[in-house]
Structures are given as C-alpha cells and as structure tokens.
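Below is one structure, written out as structure tokens; the observations come after it.
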Amino acid sequence: MCELLGMNANQPVSTGFSWRGFRHRGGANGPHRDGFGVGFYRRDGYHDFHDLRPAVESPLATLLGDDEIPALNMLGHLRQANEGSVDIRNTYPFTREAGGQRWSYIMQGQLHGFEALKLSGRFTPMGTTDGEHAFCWLMDQLADADSEDFMAVCEQLRQCGDQLAQMGVFNMMLSDGRVLYTYCSKKMCWLTRRAPFATVTSLDSGEHVDLASRCDSTTVYTLLATTPLTSESGWQDMHPGEAMAFCDGERCHVSSLQAALA
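In this text, residue positions in the sequence shown follow UniProt numbering: the first is 1, and each later residue adds one.
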C-alpha cells in the first residue's frame with residue numbers, strides 16, 4: 001500500500017526535513033515506487049507537484065526537500081499501485097473545489113467494489129484509482145457542508161470513512177487549507193511539536209536537525225504519517241474508526257463511533 005505524510009501548523013513551517021526522510025520510503029526503505037505527489041497550502045495559495053519516478057530517485061523530490069518550502073498545511077503521498085495504472089493522473093494529491101475552497105486529499109488502502117459508490121456528476125474522477133473515486137464521493141457528501149464548522153465536517157468524514165472502511169482499508173488525509181482532517185481504518189500516527197524544541201533524528205535517512213534553529217517559541221505544528229518519521233517520543237497511534245481535525249498546529253476535534261454512541 002501507499003505511504004502518507006501530513007502537516008498542519010499555526011504559522012508557515014518547512015517540512016523539508018520530514019520530506020527528505022520520508023522520500024526514502026519511495027523506493028529505498030519501502031516498495032512505493034509508482035510515483036509521488038506533494039501539496040502545499042501557503043499564504044499565497046495552494047501548490048502541488050507530481051512525478052511518476054520513485055521519490056528516492058526523483059530530482060523533483062530532491063528539490064522539494066532542499067527548497068524548505070514553508071507551508072501552513074502539507075500533504076505528501078508515495079504510491080504503490082494496486083488499483084489504476086502507473087499514470088500521472090493517478091498520483092496523489094487529488095484536488096477539487098467546493099464552497100470556494102480548494103480541497104486536497106491523499107489516501108492509503110484498497111477499496112473493493114468502489115465502483116458501486118454513486119457519484120452526482122459534480123465531481124468526476126480524472127484517473128482510474130479507487131482512491132480518487134472515493135474522493136469524488138466524499139466531496140459529494142461535503143459539497144454543502146459549512147467548512148467553517150470543522151467539528152461537523154470531522155463528524156461527517158468519520159461517518160463516510162466508516163462506510164468506506166467496510167470496503168477494505170481506508171486511511172486518508174484531507175485539507176481545505178485551514179484544517180487538516182484524517183481518518184484511520186488501520187494505521188496512522190501523529191505528533192505535535194512545540195517549544196522547547198529539540199534535536200531530532202529521521203528514522204529513514206538518519207539525518208539530524210535542531211528544530212530550535214528553525215522554529216520560534218510561538219510555533220506549534222503537528223505531523224501525521226503512516227508510521228513514525230523520527231525516533232523522538234510523543235508519536236501517538238490513531239485508533240481504527242477514528243477521525244481527527246487539526247487546526248493551528250494542534251488537534252482540535254476527535255470523532256469515533258464509540259464516542260458518538262456514548
């Protein structure tokens with residue numbers, strides 16, 4: 001399956017260090033060689049980059065790590081194709097507009113019988129993956145939602161995620177540029193960083209970085225990934241069937257079926 005990386009911050013933060021380690025999972029430390037994509041929400045708008053080459057071999061992936069792009073939200077995806085050909089149209093992140101916002105989405109998993117998900121026609125897949133079809137279906141469900149009400153959006157995403165998880169494995173991240181949402185059906189973890197910042201080590205590349213030299217005392221940001229990116233303590237596992245929302249660098253809402261029934 002694929003590998004996911006996400007970040008939400010209270011002010012622009014570079015994910016260059018995280019990306020430089022993460023990209024090793026795209027062909028060196030992992031089998032995810034079927035392309036990659038990265039999306040950045042910056043103060044001036046949304047930008048994304050896609051390549052069919054394995055991230056560990058791609059000059060573009062190297063540039064994205066070295067350029068230290070500051071962003072408020074970031075989504076990164078390393079693809080291991082299972083549904084859909086190795087085609088640039090099938091590389092994540094996928095994006096759509098709704099309610100005046102650009103939504104960006106990445107998924108890990110495999111959905112059996114995804115063709116049965118009925119689409120309104122407002123959002124149409126451009127490629128052939130199960131993940132993009134599910135994204136269009138999700139956007140149909142969220143099209144009339146109030147994006148300012150992140151708790152309601154998170155609750156709705158959890159309900160949709162529970163339905164999709166019945167079709168297989170569905171781990172995903174979704175952002176409108178303000179909030180980063182995630183749903184876990186099998187495996188996902190997260191870590192919030194704030195002052196005092198320490199020196200950390202990438203589990204994938206062995207690179208060390210002193211975060212205190214990169215972040216001021218007011219910076220707060222959360223990283224999300226399929227598995228931990230660094231050796232530091234503080235990584236927390238999500239529970240299957242759980243959805244979370246992250247705002248201004250911190251977790252701001254949690255939704256689960258158990259909590260909804262309590």
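Even glycine gets a Cβ: it sits at the ideal position worked out from N, Cα and C.
- Message: Can you find the residues in the same chain that come closer than 6 Å, C-beta to C-beta, to F197, ignoring five residues on each side of it along the sequence?
- Response: On the sequence shown, residue 197 is found 197 positions in, with the first residue counted as 1. Here the set comprises L211, A212 and C215.
- Query: Quick one: what's A225 bridged to in DSSP?
  - Reply: On the sequence shown, position 225 is the one that residue 225 refers to. A225 pairs with L5 and C189.
- Give me the Cα-Cα distance between G113 and W103, rounded to the nearest whole angstrom. Numbered from its first residue, the sequence shown carries residue 113 at position 113. Numbered from its first residue, the sequence shown carries residue 103 at position 103. Annotation: G113 to W103 spans about 25 Å, alpha carbon to alpha carbon.
- Message: On the CB-based measure, 16 or more other CB atoms within 10 Å of its CB, does D176 come out buried or exposed?
- Response: If you number the sequence shown from 1, residue 176 lands on position 176. Label assigned to D176: buried.
- Query: Leaving out five residues before and five after N10 in sequence, what residues of the same chain have Cβ atoms less than 6 Å from its Cβ?
  - Reply: If you number the sequence shown from 1, residue 10 lands on position 10. Cβ within range, chain order: V220, D248 and G249.
- Message: What does the alpha-carbon distance come out to for the pair D140 and G76?
- Response: Working through the sequence shown from its first residue, we reach residue 140 at position 140. Working through the sequence shown from its first residue, we reach residue 76 at position 76. If you take the alpha carbons of D140 and G76, they lie about 23 Å apart.
- Since V13 contacts P70 with CB under 8 Å, what's their CB separation in whole angstroms? Reading the sequence shown from its first residue, position 13 is the one you call residue 13. Reading the sequence shown from its first residue, position 70 is the one you call residue 70. Yes, V13 and P70 are in contact; Cβ-Cβ is about 6 Å, under 8 Å.
- Message: Using only the alpha-carbon positions, how far apart do E242 and Y183 sit?
- Response: What you label residue 242 is simply residue 242 of the sequence shown in a count that begins at 1. What you label residue 183 is simply residue 183 of the sequence shown in a count that begins at 1. If you take the alpha carbons of E242 and Y183, they lie about 6 Å apart.
- Under the assumption that F40 contacts L111 (Cβ atoms under 8 Å), give the Cβ distance between them as a whole number of angstroms. Reading the sequence shown from its first residue, position 40 is the one you call residue 40. Reading the sequence shown from its first residue, position 111 is the one you call residue 111. That pair is no contact at about 27 Å.
- Start-end ranges of the beta strand (DSSP E) lying completely within the segment 18-50, minimum 3 residues: Annotation note: the segment 18-50 contains the following uninterrupted beta strand (DSSP E) runs of length 3 or greater, listed N- to C-terminal: 36-42.
- For Q159 and C252, the rounded distance between their alpha carbons: By 1-based counting over the sequence shown, the position of residue 252 is 252. By 1-based counting over the sequence shown, the position of residue 159 is 159. Those two C-alpha atoms are separated by around 18 Å.
- With DSSP as the reference, please indicate the residues paired to I69 in a beta bridge. The residue labelled residue 69 in the question sits at position 69 within the sequence shown. Paired residues: none, contrary to the question.
- Taking D146 as the reference, which of M188, G99, I106 and L180 has the closest Cα? Against the sequence shown, residue 146 aligns to sequence position 146. It is G99 whose Cα lies nearest to the Cα of D146.
- Query: If you run the structure through DSSP and keep just helix, strand and coil, what is L75?
  - Reply: In the sequence shown, residue 75 corresponds to position 75, counting from 1. Here DSSP, grouped into helix, strand and coil, assigns L75 to strand.
- Only counting runs of 4 or more residues, tell me where the alpha helix (DSSP H) segments fall wholly within the segment 129-197, in order along the chain. If you keep only unbroken alpha helix (DSSP H) runs of at least 4 residues inside the segment 129-197, you get 130-142 and 150-165.
- Which residues in the same chain as L142 place their Cβ atom closer than 7 Å to its Cβ, once the five residues preceding and following it in sequence are excluded? Along the sequence shown, read from residue 1 onward, the residue named residue 142 stands at position 142. Scanning its chain for C-beta atoms nearer than 7 Å, with the 5 sequence neighbours on each side dropped, one finds around L142 the residues A98, V153 and Q156, in chain order.
- Message: I need the boundaries of the beta strand (DSSP E) containing T91, first residue and last residue.
- Response: Counted from its first residue, the sequence shown places residue 91 at position 91. T91 -> no beta strand (DSSP E), and no H or E assigned at all.
- Message: Helix, strand or coil for F123? Go by DSSP, reduced to three states.
- Response: Along the sequence shown, one-based indexing puts residue 123 at 123. The answer is coil: DSSP assigns F123 none of H, G, I, E or B.
- Nearest-angstrom Cα distance between W190 and V200? The count along the sequence shown starts at 1 and reaches residue 190 at position 190. The count along the sequence shown starts at 1 and reaches residue 200 at position 200. Within the model, the alpha-carbon separation for W190 versus V200 is close to 15 Å.
- Message: Let me check understanding here. Comparing Cα to Cα, which of Y181, E115, L138 and G131 lies closest to D149?
- Response: One-based indexing of the sequence shown puts residue 149 at position 149. The shortest C-alpha to C-alpha distance from D149 to any of Y181, E115, L138 and G131 is the one to Y181.
- Item | Nearest-angstrom Cα separation, counted from T218 out to L119 | Locating residue 119 in the sequence shown gives position 119, where the first residue counts as 1. Locating residue 218 in the sequence shown gives position 218, where the first residue counts as 1. In a straight line, the C-alpha of L119 is about 43 Å away from that of T218.
- Query: Under a three-way DSSP split, which group does S14 fall into?
  - Reply: The count along the sequence shown starts at 1 and reaches residue 14 at position 14. DSSP places S14 in the strand class (E or B) of the three-state scheme.
- Would you list the one or two residues that DSSP bridges to Q236? Counted from its first residue, the sequence shown places residue 236 at position 236. According to the DSSP secondary-structure assignment, Q236 is paired through a beta bridge with W190.
- Message: Quick check on DSSP: helix, strand or coil for V86?
- Response: Along the sequence shown, read from residue 1 onward, the residue named residue 86 stands at position 86. Residue state, collapsed to three classes: coil.
- Count the other CB atoms within 10 Å of the CB of D34; is the residue buried (16 or more) or exposed (fewer)? Within the sequence shown, residue 34 is the residue found at index 34, counting from 1. With 16 or more other Cβ atoms within 10 Å, it is buried.
- Message: Between the alpha carbons of S231 and M172, how many angstroms are there, rounded?
- Response: Mapped onto the sequence shown, residue 231 falls at position 231. Mapped onto the sequence shown, residue 172 falls at position 172. One C-alpha to the other measures close to 23 Å.
- Looking at the C-beta of L63, does it have a partner C-beta in chain B at a distance below 8 Å? Structure shown: chain B not included; a single protein chain is present.
- Message: Helix, strand or coil for A98? Go by DSSP, reduced to three states.
- Response: For the purposes of this step, residue 98 is taken as residue 98 along the sequence shown, with counting starting at 1. The answer is strand: DSSP assigns A98 an E or B state.
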